[in-house]
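In full-length UniProt numbering, the protein residues as written are 1 to 134. Ideal Cβ placement from N, Cα and C applies to all residues, glycine included.
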């Protein structure tokens, strides 16, 4: 398994689109797609940023040793869940929570009958990882 597949597993495990993940690490949606498809080289600084955002050890990211993906039938393993309708607002909140030591992601659930979905952000407090230097 290559680094591109590792990045995709991390991103999908966090419940993020390529755009949302790119916004977190400061890259474009198309750049994330290129990384995942291994069509372009990735700077070491970008890999370190991915590891930081995903709360994964850099060496484990490179080796493909990633946290187990959660099964959808398991009880949610987060401290908070927020329903935020606007995508830009969701991305802003995700960035703020990640910077303040939370493990964050997003997921969607059907609103009920029909095909429309509600989008949620979930967060788990990892405050010992907070970046308080900025």
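- With a cutoff of 8 angstroms on beta-carbon distance, residue 118 and residue 83 are scored as near each other.
- Just so you know, the alpha carbons of residue 13 and residue 106 end up roughly 10 angstroms apart.
- Remark: fewer than three beta-carbon pairs, one from each stretch, lie closer than 8 angstroms, so the stretch 34-48 and the stretch 78-95 are not flagged as touching.
- Under the three-state reduction of DSSP, residue 104 is assigned to strand.
- The three-state reading of DSSP puts residue 27 in coil, since its state is none of H, G, I, E or B.
- The stretch 38-91 is shown to contain whole alpha helix (DSSP H) runs of 4 or more residues at 44-54, 58-63, in chain order.
- Counting along the chain, residue 124 sits inside no alpha helix (DSSP H); it lies in the beta strand (DSSP E) bounded by residues 117-125.
- Sorting 53, 121, 61 by C-alpha distance to the C-alpha of residue 93 places 121 at the top.
- In this structure, residue 24 sits near residue 98, with a CB-CB distance shorter than 8 angstroms.
- Distance from residue 55 to residue 89 at the Cβ level is roughly 23 angstroms; contact not present, criterion being Cβ atoms closer than 8 angstroms.
- Nearest to residue 26 by C-alpha distance, out of 15, 53, 41, is 53.
- With at least 16 other beta carbons inside 10 angstroms of its own, residue 32 counts as buried.
- The C-beta distance from residue 19 to residue 29 rounds to 4 angstroms, short enough to meet the 8 angstroms contact threshold.
- Residue pairing for residue 109: DSSP places it in a beta bridge opposite 118.
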